[in-house]
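*Asks:* In order, the protein sequences belong to chains C and H.
Here the first sequence is numbered in my numbering, starting from 65 and rising by one per residue.
Here the second sequence is numbered in my numbering, starting from 379 and rising by one per residue.
From the three backbone atoms N, C-alpha and C, an ideal C-beta is built for every residue, glycine too.
It should be emphasised that the depicted structure is a prediction, and the values quoted were computed from it without experimental measurement.
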Amino acid sequence: MKKTYDIEVDCANCADKMEQAAKKTDGVKDCSVNFMALKMSVEFEDGADEGTVMKAVLKNCKKVEDDCEIFI
Amino acid sequence: MNKKQKRVLARIIITTVLLIVIAIVEPHIEKFALALYIIPYILIGYDIIKKAFKGIVHGQVMDENFLMAVATVGSMILGEYREGVMVMLLYQIGELFQSYAVGKSRRNIAALMDIRPDVANLVTQENGVETVKTVSPDEVETGSTLVISPGERIPIDGVVILGDSTIDTSALTGESVPRTIHAGDEVISGTINQNGVIRIRTTKAFGESTVTKILELVENASSQKSRSENFITRFARVYTPFVCLFALVIAVVPPVINMLSGNDANFRSFIYRALTFLVISCPCAMVISIPLGFFAGIGGASKAGILVKGSNYLEALSKVDSVIFDKTGTLTKGVFKVVSIHRQELSDQHLLKYAAYAESFSTHPISRSIVNAYGLEVDKSLVADVEEISGHGVLATVSGKKVIVGNDKLMTDNGVEPAHCHDGGTIVHIAVDGRYAGHIHISDVIKETSEKAIRDLHKMGISRTIMLTGDAEKVAGKVAAALSIDEYRSELLPADKVSVVEELLSDRKGKKGCTAFVGDGINDAPVLTRVDVGIAMGALGSDAAIEAADVVIMDDDPLGIIKAIKIGKKCMRIAYENIYFAIGIKVIVLILSAFGMTNMWLAVFADVGVMILAVLNAVRTLHVPDITD
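As structure tokens, then:
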């Protein structure tokens, strides 16, 4: 399953960091952050619960970039 | 500017004023210099320092906030108070500019693609009374009736059931000439109704409508990144650690060598150089300009009616060196038209008149093309005894004369000897009162811009153009010659097209360039997905084409291919300019600071300057290159 979320982040490098952090989260198969469109598209592993995974993704992203926001 | 940006701007202005005041009073109270400079420093840099601390807590030591904090605090400790504040100030100016410029181009591009309809005016019957309700397009069911006033956007694909108007399709196709619509015509969501009130019956749900499909495509476009984008992010990941490591080496190694060789260690000077390194360790300038360039490129292309599904396809477009065309509907219009009349004794107009009158009751595309070519009103009362022989032609009595209009066989069957014609295409013979009168040559028409498109492709250095068609050899050869296409394959069945493309692709294995296929997207989906860049043309309203193609040209003008390739080339050129420029300047400043030939605020100035120039260069891709000679 693939879903796209609106995000908020200030710089392109930070967006890349978010992408890396999200990719490492359990339940995320792949992730791509588009800084220009302020969108994060997440491909979930089979059977992963979207809500819990996204919470973890947000937590991991906050670790690398305190200022970021994902509108889940 | 948003609130956040305004606040930063205010801090920048106050800090600048404070710095000027301090510069004036400083000579009088030198002892308190640190106390004086600490005020503007905290004012301008408190958020950076706060973020730096948070970064440390989360184990992010390569965070640019942390590095900026180390560099400026370090320079304050070294006694370079003014420099510490200046570096922070310039850094903030740079960040502000970046977020402003990026936000602005983001809004510009969003405005280009602002085709999402917000409401639909639904016509409902309640107790026999008709009422119009404004609802969200999501709620409209297929088969509903919508009323659309002038100036409103058509929210859902449908068919006009009442009213005449013109619609502006420019947001979708880039075509500025409005299209006239009448009852029975199909309309596409996202276009704007211009001057008459119309009613439409929806034929699709909002989620399946063209406008939704296009927006989905555009929004997902940048998840497919180009090689240069991936390169710059990979570069950024190693750049910061490398610069930091190098800074550490500069801070430690030369002083130790100095000490060992008995000289003055000169720690101060080398630590200062190391701190300068940290100032330019942020890769943001490079990282932002590359995706910004592609994003603006895709945005500009959509405005011109060309949808590109990802920056990787812009990259592929820029490398195209052979283009395969489907003939019908791509290079030709896919409609029949009278191209020439070869007559015996009657005048052209007379010959055409007999043919048009005889064919006036037929609905066959060829008959329609003859009637259209005649152009005048047909007085059907003069036509009698019409007999249509399917696949051959028509026999009729026109103004008392017996007219036969049809192919070779119909002529010989009726005892008339038809002339032989060397032109390719379809030939319609005409005999009047048993005497051969001439023939009309009908053919699919080449689009007006096809020839220029092929010529421009050759001019751009595309070495191979190939046309594929299911038509007869003679017709194909003629079209290929007229357009000066390098090669053609004729009499192909749809399945043959795939194998021909496969064969052409395997020919070029190991070569560098990319192969593009251009088709109408309706029955060539397998081929579109097989090549490096699949281009679907005239795809407005065709979901299958939008799905299968990598690049969608919304109108059916072959010059769109030239535009798409030029946009790709321009984006790539600008991306490379920015990569070389940003990395080049950074490397030069790094070398200069390693040898102590620069100072910290010059380094940050170079950093910010590079970013501003790279961003300005990147937004140039928003403008679609001109393709007129």
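1) Note the first and the last residue of the continuous beta strand (DSSP E) segment covering N995/H.
2) When you measure from the CB of A809/H to every non-hydrogen atom of the ligand MG, does any distance come out below 7 Å?
3) In or out: I635/H buried (at least 16 other Cβ within 10 Å) or exposed?
4) If you compare alpha carbons, which of I702/H, G778/H, E766/H, K409/H is closest to S759/H?
5) Confirm, please, whether the CB-CB distance from K591/H to I924/H is below 8 Å.
6) Would you say T611/H faces chain C, with C-beta separation under 8 Å as the test?
7) What does M100/C touch in chain H if you count any residue whose Cβ is under 7 Å from its own?
8) Got a sec: is the Cβ-Cβ distance from Q438/H to anything in chain C below 8 Å?
9) How about V92/C: is its C-beta nearer than 8 Å to some C-beta of chain H?
10) Is the separation between the beta-carbon of G677/H and that of I487/H shorter than 8 Å?
11) What would DSSP say about N690/H, mapped onto helix, strand or coil?
12) In the region 105-121 of chain C, which residues sit with their C-beta less than 7 Å from some C-beta in chain H, listed in chain order?
13) Which residue wins for smallest C-alpha separation from T394/H, given the options Q470/H, E408/H, K511/H?
14) At least one CB of chain H closer than 8 Å to the CB of K127/C: is that the case?
15) Less than 8 Å between the beta carbons of V501/H and T520/H, yes or no?
16) Using alpha carbons as the reference points, say which of M440/H, I434/H, L468/H, L670/H lies closest to I422/H.
17) Quick one: is I539/H buried, meaning 16 or more other Cβ sit within 10 Å of its Cβ, or exposed?
18) Taking Cβ to Cβ, would you say S828/H is nearer than 8 Å to L870/H?
19) Who are the Cβ neighbours of V764/H in its own chain at under 6 Å, not counting the five residues just before and after it?
20) At a CB-CB cut-off below 8 Å, which residues of chain C make contact with A614/H?
21) Answer yes or no: do S745/H and E755/H have a C-beta to C-beta separation smaller than 8 Å?
22) Where DSSP assigns a beta bridge to C132/C, which residues make up the other side?
23) Nearest-angstrom Cα distance between R998/H and L882/H?
24) Listed in chain order, which residues of the region 799-827 of chain H have Cβ atoms closer than 7 Å to some Cβ of chain C?
25) Who are the Cβ neighbours of V911/H in its own chain at under 7 Å, not counting the five residues just before and after it?
26) Applying the 10 Å Cβ sphere with the 16-neighbour rule, what's the burial state of M65/C?
27) Buried or exposed: H798/H, going by 16 or more other Cβ atoms within 10 Å of its Cβ?
28) Given I427/H, which residues of its chain have a CB within under 7 Å of its CB, disregarding the five upstream and five downstream residues?
29) With distance defined between alpha-carbon atoms, name the residue in K603/H, F973/H, R531/H, A858/H nearest to G671/H.
30) Give every residue of the same chain whose Cβ lies closer than 8 Å to the Cβ of A903/H, excluding the five residues on either side of it in the sequence, and list them in chain order.
*Replies:* By the coordinates alone:
1) N995/H -> not in any beta strand (DSSP E); alpha helix (DSSP H) instead, spanning 978-996.
2) Absent from the structure shown: the ligand MG. Ligands present: none.
3) Classification for I635/H: exposed.
4) Selected option, being the one with the closest Cα: G778/H.
5) For I924/H and K591/H, yes; Cβs fall inside 8 Å.
6) Chain C contact via Cβ: present.
7) For M100/C, the chain H residues whose Cβ falls inside 7 Å of its Cβ are R484, S600, P669, L670, F673, in order along the chain.
8) The beta carbon of Q438/H falls within 8 Å of a beta carbon belonging to chain C, placing the residue at that interface.
9) The beta-carbon of V92/C is placed no less than 8 Å from the nearest beta-carbon of chain H.
10) Cβ atoms of G677/H and I487/H: closer than 8 Å.
11) In the displayed model, N690/H falls within a helix according to three-state DSSP.
12) Going along the region 105-121 of chain C in chain order, one finds S105 with a Cβ nearer than 7 Å to chain H.
13) Relative to T394/H, the option among Q470/H, E408/H, K511/H whose CA is nearest is Q470/H.
14) At a cut-off of 8 Å, the C-beta of K127/C has a neighbouring C-beta in chain H.
15) No, these two residues do not count as a Cβ contact at 8 Å.
16) Selected option, being the one with the closest Cα: L468/H.
17) That one is exposed.
18) Not a contact, by the Cβ cut-off of 8 Å.
19) Counting only residues of its own chain and dropping the five nearest sequence neighbours on each side, V764/H has a CB closer than 6 Å to the CB of F739, A774.
20) The contacting residues are N77, D80.
21) With respect to E755/H, S745/H sits apart: the two C-beta atoms are not nearer than 8 Å.
22) Partner(s): none; C132/C has no beta bridge.
23) Cα to Cα, R998/H sits roughly 36 Å from L882/H.
24) Close to chain C, meaning a Cβ-Cβ distance shorter than 7 Å, is no residue of the region 799-827 of chain H at all.
25) Answer for V911/H: Y691, A694, L695, V698, C892, A894, D928, V929, listed in chain order.
26) So M65/C ends up on the exposed side.
27) By the neighbour-count rule (16 or more Cβ atoms within 10 Å), H798/H is not buried but exposed.
28) Excluding residues within five positions, the ones whose Cβ falls inside 7 Å are A447.
29) Of the candidates K603/H, F973/H, R531/H, A858/H, K603/H places its Cα closest to the Cα of G671/H.
30) Within the same chain, and ignoring the five residues on either side of A903/H in sequence, the residues whose Cβ sits closer than 8 Å to its Cβ are A922, A923, E925, A926.
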